[in-house]
Amino acid sequence: MPIVPYALLTVARKAPSLKRVRPDIPQSSAATHSAAAHPTERNTEVSSNNDSSSHIEEGRSPVLQVSPLGFPWQTIDPFLFCVYHDDAYPKANAQMGPAAPLAGRQIGQDFSRKDGWSMYHGDTVPGFPSHPHRGFETVTIVRKGLVDHSDSLGATARFGGGDVQWLTAGKGIVHSEMFPLLDANAPNPLELFQIWLNLPARSKMAEPHFTMFWSEAIPHFASDDAAGGRTEVAVIAGRFGGTAADGGPAPIHPLAPPPDSWAAQADADVAIWTLKMTPGAQWTLPAAAGDGTRRMLYFFKGAVATIAGRRVEGPAAIELRADTAVELRNGDEEPGEFLLLQGRPIAEPVVQYGPFVMNTQAEISQTLADYRRTQFGGWPWSDPAPVHGRDAARFARHPGGREEKPAA
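According to the UniProt record's numbering, the stretch in the sequence shown is residues 1 to 408, in order.
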């Protein structure tokens, strides 16, 4: 009997038709915590992934709107979803799970944040056992802790500590994302973003593919202001900086995204950057290069910041004009951290059904039929939630057996 992913069980149980349904996730106002459910729990049909519920600023201010960080974080085309996990896991037990009682948790569906952490869909090890995707990409940025990846193509990986996995689901893949706890003598914090980036219609049935961006290879930029404040930028996607002639920083070219990604298209102007500012630091966010580009700045750590002269209390999502440089100033009391997502909109219909994102309901129906028939290649592992042992070394083993490790 084929393994049925937890996420699809949720979809089948909660969404018997292709009509718009309420996300099957617990609700919370704690936006800075990991209360946001994994994106496989979100089941919607939409024609646009913009949220116009917040106040839109009049005039030509670089700040278009400011919203509280929601559940999950609101995104704009070409992005579909952004979730932030910040789990204070305790010491590890012998099974690489938390050495703490699990009583009071809904095991298999634990988004409780009891004691500052959740098991999610994991039984013993926290995380997300096997579940399918089609029609988009996931970009997983692991800032603390480790993620163990396994998939229906026979690939595996362990990554963390600033590493990024960029996965093109394309025509269909099943994968698991588990969070092994390795330290039996100290807490095991986990902090990550998972971002869903849409694929245009022409690429939704591309071959599945994943790329590892090891932390050692991700370009970084640092700027010190006149008062000694520092801003550090990790450039995960999107050209950063200008030319020597324009007086700005020298250009930083990011690692290449997967070949079928919207980000691989030169005029898509996709950027994914993380920013860290010391207390009181000032920095100018440069204008985007592309015409029609949209950008969202997420202020997820810190008390207060000034964005283009406007005081913003965190946590907040700030939509900015992309064609204008924006002055950022962090508050004086504590460091501030931001995530920037930008890109030119794909501007195509979006129909999402749980872990599947297509352009029409007919394509969603075909996706469900394809998954029932093929399981997107089947699950080659004996366990729906594999973990890769107690060796903390990071690695990736690609389909076909090619092995990859971070550069020494």
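Just so you know, even glycine gets a beta-carbon here, dropped at the ideal spot from N, CA and C.
Closest to residue i by C-alpha separation, out of the options, would be which residue?
i: D225; options: G238, T293, A281 and H175; result: A281
i: W166; options: Q265, S261, A99 and K405; result: S261
i: I195; options: R329, G314, D110 and P78; result: P78
i: M96; options: G162, F81, G354 and P187; result: P187
i: R344; options: D267, P132 and D110; result: D267
i: W379; options: H131, L181 and A322; result: H131
i: H220; options: G241, S382, P208 and D291; result: G241
i: I252; options: G377, A263, I236 and Q265; result: I236
i: M212; options: I346, R158, P200 and E348; result: R158
i: I76; options: L190, K114 and I318; result: I318
i: V147; options: L153, F128, G154 and F136; result: F128
i: A333; options: E313, V350, Q366 and T274; result: What sits at residue 333 in the sequence shown is Glu, not Ala. Cα-wise, what sits closest to E333 is E313.
i: P259; options: F210, V233, Q375 and S150; result: F210
i: L181; options: S118, E137 and H175; result: S118
i: H175; options: P386, S223 and F395; result: P386
i: H133; options: W283, T367, D110 and V83; result: T367
i: Y298; options: D183, V270, P315 and F111; result: P315
i: Y89; options: K144, S61, T140 and A103; result: K144
i: G161; options: D151, G154 and F179; result: F179
i: P399; options: V125, R294 and S152; result: S152
i: F136; options: N198, E216, T156 and A393; result: N198
i: V83; options: N185, R239, A184 and E191; result: E191
i: residue 417; options: P126, P335, L285 and D183; result: Residue 417 lies beyond the range of the chain shown here (1 to 408); nothing can be said about it.
If you run the structure through DSSP and keep just helix, strand and coil, what is residue i?
i: D115; result: helix
i: W381; result: coil
i: A217; result: helix
i: R143; result: strand
i: A263; result: helix
i: R230; result: strand
i: R202; result: helix
i: A268; result: helix
i: A408; result: coil
i: G389; result: coil
i: L339; result: strand
i: M96; result: coil
i: S223; result: strand
i: A237; result: strand
i: E58; result: Residue placement at E58 is flagged as unreliable, the pLDDT there being 48, under the threshold of 50; a coordinate-derived value is accordingly withheld.
i: D163; result: coil
i: F179; result: coil
i: H121; result: coil
i: S152; result: coil
i: S28; result: Low confidence applies here, because S28 scores a pLDDT of 29, under 50, leaving its location unreliable and the question unanswered by this model.
i: F356; result: strand
Hey, could you find the ends of the beta strand (DSSP E) residue i is sitting in?
i: A316; result: A316 to R321
i: Y353; result: V350 to Y353
i: L190; result: N188 to N198
i: Y89; result: F79 to Y89
i: F395; result: F395 to R397
i: I273; result: For clarity, residue 273 is Trp in the given sequence; the question names Ile instead. A271 to M277 is the extent of the beta strand (DSSP E) around W273.
i: F128; result: G127 to H133
i: residue 442; result: Residue 442 is absent from the model: the chain starts at 1 and stops at 408.
i: R158; result: T156 to G160
i: W283; result: Q282 to L285
i: P251; result: Premise fails: P251 is in no beta strand (DSSP E) and is neither H nor E.
i: P68; result: V63 to P68
i: F71; result: Premise fails: F71 is in no beta strand (DSSP E) and is neither H nor E.
Going by DSSP, what residues sit across from residue i in a beta bridge?
i: I307; result: R310 and L328
i: H209; result: T168
i: I173; result: H133
i: D291; result: Beta-bridge pairing links D291 to no other residue.
i: E403; result: R397
What are the start and end residues of the alpha helix (DSSP H) that includes residue i?
i: D370; result: Q361 to T374
Under 7 Å between C-beta atoms, does residue i make it to chain D?
i: P187; result: Absent here is chain D; the protein component of the structure consists of one chain.
Looking at the ligand SAM, does it come within less than 6 Å of residue i, judged from the CB to the closest heavy atom?
i: P259; result: Of the ligands one can find in the structure shown there are none, so the ligand SAM has no counterpart to examine.
**Message:** Below 8 Å, how does it come out for the stretch 222 to 239 and the stretch 298 to 305: are there three or more Cβ pairs, yes or no?
**Reply:** no
**Prompt:** Counting Cβ pairs closer than 8 Å, one from the stretch 164 to 183 and one from the stretch 323 to 339, do we hit at least three?
**Reply:** no
**Message:** Using a Cβ distance threshold of 8 Å, determine whether the stretch 200 to 218 contacts the stretch 340 to 360, with at least three qualifying pairs required.
**Reply:** yes
**Asked** Okay, do the stretch 285 to 301 and the stretch 340 to 354 touch, 3+ Cβ pairs below 8 Å being the bar?
**Response** yes
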